[in-house]
Amino acid sequence: MKAEVLKVLAQPTRLKILECLRKGEKCICELVPILNGEQSNISRHVSLMQKSHLVTTRREGVRVMVRVSDPKVFEILDTVGVVLKNQIREQKELLAHI
């Protein structure tokens with residue numbers, strides 16, 4: 101199950117969707133222009149994220165609203181960001197000694 105969630109997270113568009121949802125619920129129609137994508141493509145990504153329980157959706161008339169199921173997912177994203185920053189810093193330090 102962990103591997104499935106990480107696989108879903110390992111896709112740039114899905115990461116961008118999560119970042120868009122960091123400030124709260126959004127309509128798929130709002131995500132389309134932000135991500136500069138097709139609505140069908142964004143909906144497909146949201147569906148995969150929903151199957152992995154990363155997001156939930158609800159209908160509001162004709163609009164499909166999306167939100168993160170558990171805000172702790174942002175802790176995962178933030179931790180990965182810290183790890184990457186540390187790796188870059190270490191590489192810079194190594195290069196400085198060459």
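With positions in the sequence shown counted from 1, the corresponding number in my numbering is that position plus 100.
Glycine residues also receive a C-beta, built at the ideal position from the N, C-alpha and C atoms.
Keep in mind it's a predicted model, so treat the numbers as computed, not measured.
Taking the alpha helix (DSSP H) that residue i falls in, what are its first and last residues?
{"i": "E190", "result": "173-196"}
{"i": "V105", "result": "102-109"}
Is the separation between the beta-carbon of residue i and that of residue j shorter than 9 Å?
{"i": "L131", "j": "F174", "result": "no"}
{"i": "V155", "j": "S169", "result": "yes"}
{"i": "V199", "j": "V164", "result": "This structure leaves residue 199 out entirely; the chain is present only between 101 and 198."}
{"i": "E125", "j": "R159", "result": "no"}
{"i": "E104", "j": "S152", "result": "yes"}
Measuring alpha carbon to alpha carbon, tell me which of the options ends up nearest residue i.
{"i": "K116", "options": "E104, M101, M149, R158", "result": "M149"}
{"i": "P133", "options": "S152, T113, Q191", "result": "T113"}
{"i": "Q111", "options": "M101, I128, H197, I142", "result": "I142"}
From residue i to residue j, what does the alpha carbon distance come to, in whole angstroms?
{"i": "L121", "j": "K172", "result": "13 Å"}
Give the range of the beta strand (DSSP E) segment to which residue i is assigned.
{"i": "V160", "result": "Residue identity check: residue 160 is Glu in the sequence provided, not Val. Run containing E160: 155-160, per the beta strand (DSSP E) assignment."}
{"i": "R167", "result": "163-168"}
Legend entry - Ranges of the alpha helix (DSSP H) found wholly within the stretch 121-157, counting only runs of at least 4: Those alpha helix (DSSP H) runs which fall completely within the stretch 121-157 and span 4+ residues are 128-135, 139-151.
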